[in-house]
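Since the structure comes first, as structure tokens, the remarks are kept for the end.
In our numbering, the protein residues as written are -14 to 508.
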């Protein structure tokens, strides 16, 4: 049954690609060679003569939520796409076709167990916005508060589960036929993406994420997070404060309001690094459709963010490892970068540190002393991918969300203020974080936090010493067993070190962008 469902979906994808004249991407890509038979078994003719950008957008919309999410990520990279393509993909942010308002009313009636007009003072049946997973309506609560009501699309979970099966099949093909498949671990990437997108289907989780971010930025003059109305929230329904602001992508409106664009852009970078390092809780779906600007004071513009279905976190070791690498980048300390990666298990044993240092310098040196307009982070990542290939790096799926967010940050930065130096703006934030984490006060805090565990460990230490002494006297610990145990411990330590890897996960998005580039090249 599962195999038949996958084949049926593949046929559906094939038909959509042919319908919009995009099937050449399959025919000319080596990875998809096992699937080419579909185009001979089910030949069809192109039925759309629309411009290429519109055809790509329509195909992504028709293929469903997972493909729409991909288009949303790519749409922020106007530096990498022709303008007409980027303009069309940008419509994926808030112009996905809505489902009828009558269905929304039926969903609400079932969720609340009573008619919608008994829950809200006013419910606007016409959709306010529609996205790939959910749809938004405006409403008014009995207390007069203006709110937005977010509803999951009917049947969206079944659609996502079906497409995840297809992605697993593609990942299996990559693992089997692609020369870099074993190293990039595509099956793990699909598992990570599944965890992320399934989380989006629980709107109570999103409400909790929103409340946490609001606490994190309470009193902030840079970011506003809307209130949640918990009494009206359900797993399939989210009700939150309505935000009135200028869409971040509407540059004409921002200029008309007299917004200080440079301050806005620099604040955006600071907000991101504050979320990642100070709060360890970052908004990982920062495409333009989710970000607005409150320009009441044009010289001190304030961001307003929505849609917190995807949130990223890092372990303390990931945070520190990432910060140390960033600071080494800022200081152009390429030897330090190479040593950090060798110490962490980022590259295989036996790698020469001078060779890795030279490779990293070649990739990173063009970044510095240039405004963002003159460099492309995506191009740097592509070159890092080549370094990764050379040194047989294994990709780490757990860092995808962070790099997806960085990917979006650069796109927004270019749109807002091309002269922004992202690295220079972020440097002070990271310096302060490292000082706070490694200073005397932080050491005392860590000691106080870990004192109970340390006390318990000290109590157990004498018994552990006696156990080792008894084993030594009895001779029960033979050399072979010791060797096996040592190898096991080394393997576990190596695995733990590799958890801190971060850089090469970004190649997932560069690889994804390559799909679009293939389409463009064909046409």
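We put the CB at the ideal spot given by N, CA and C, even for glycine.
With a cutoff of 9 Å on beta-carbon distance, residue 269 and residue 277 are scored as not near each other. Residue 70 is classed as buried because its beta carbon has at least 16 other beta carbons within 10 Å across all chains shown. Residue pairing by DSSP places residue 225 opposite 133, 213 in a beta bridge. Counting along the chain, residue 285 sits inside no beta strand (DSSP E), nor does DSSP assign it H or E at all.
C-alpha of residue 57 to C-alpha of residue 309: approximately 31 Å in a straight line. Ranking 300, 348, 298, 171 by CA distance to the CA of residue 322 puts 348 first. Going by DSSP, residue 123 is part of the beta strand (DSSP E) stretching over 119 to 125. The three-state reading of DSSP puts residue 219 in strand, counting E and B together.
Rounded to whole angstroms, the separation of the alpha carbons of residue 5 and residue 265 is 42 Å.
Secondary structure of residue 115 (DSSP, three-state): strand.
Assignment of beta-bridge partners to residue 268 by DSSP yields 296. By the CB criterion at 9 Å, residue 213 and residue 192 fall inside the cutoff. Separation of the CB atoms of residue 147 and residue 118 is rounded to 14 Å, and the pair is thereby denied contact status at 8 Å. The residues 312, in chain order, have a CB closer than 8 Å to that of residue 416 in the same chain once the five nearest residues on each side in sequence are set aside. Residue 46 and residue 318 have their C-alpha atoms some 45 Å from each other. Per the Cβ contact rule, the segment -6 to 5 is in contact with the segment 35 to 54 (3 or more Cβ pairs under 8 Å). Residue 281 counts as exposed, since fewer than 16 other C-beta atoms from the protein chains shown sit within 10 angstroms of its C-beta.
Distances from the alpha-carbon of residue 256 to those of 300, 127, 271 put 271 closest. Looking at the DSSP output, residue 108 bridges to 124. In this structure residue 421 is not in contact with residue 294, their Cβ atoms being roughly 30 Å apart against a cut-off of 8 Å. Rounded to whole angstroms, the Cβ separation of residue 141 and residue 156 is 22 Å, and the two are not in contact under 8 Å. Of the candidates 258, 333, 221, 209, 258 places its Cα closest to the Cα of residue 305.
Secondary structure of residue 290 (DSSP, three-state): strand. Residue environment analysis places residue 200 among the exposed positions, since fewer than 16 neighbouring C-beta atoms fall within 10 angstroms of its C-beta. 103 is the residue among 144, 103, 332 whose C-alpha sits nearest the C-alpha of residue 128.
Under the 10 Å beta carbon count, residue 87 is surrounded by fewer than 16 other beta carbons and is classified as exposed. Per DSSP, residue 245 is not a residue of any alpha helix (DSSP H), being assigned neither H nor E. For the 9 Å CB-CB criterion, residue 73 and residue 51 do not form a contact. DSSP places residue 7 outside both helix and strand once states are collapsed to three, so it counts as coil. Minimum Cα-Cα distance from residue 198 among the listed residues 76, 297, 172 corresponds to 297. When C-beta atoms of the segment 242 to 251 are compared with those of the segment 107 to 114, fewer than three pairs fall below 8 Å, so the two segments do not count as touching. Here residue 124 is buried. Its C-beta has 16 or more other C-beta atoms within 10 Å.
The beta carbon of residue 206 sits closer than 6 Å to no other beta carbon from its chain once the five residues preceding and following it are set aside. DSSP, reduced to helix, strand and coil, places residue 208 within a strand of the structure shown. For residue 254, the closest of 350, 414, 187, 150 by C-alpha to C-alpha distance is 414.
Looking at the backbone, the Cα of residue 151 and that of residue 440 are separated by about 51 Å.
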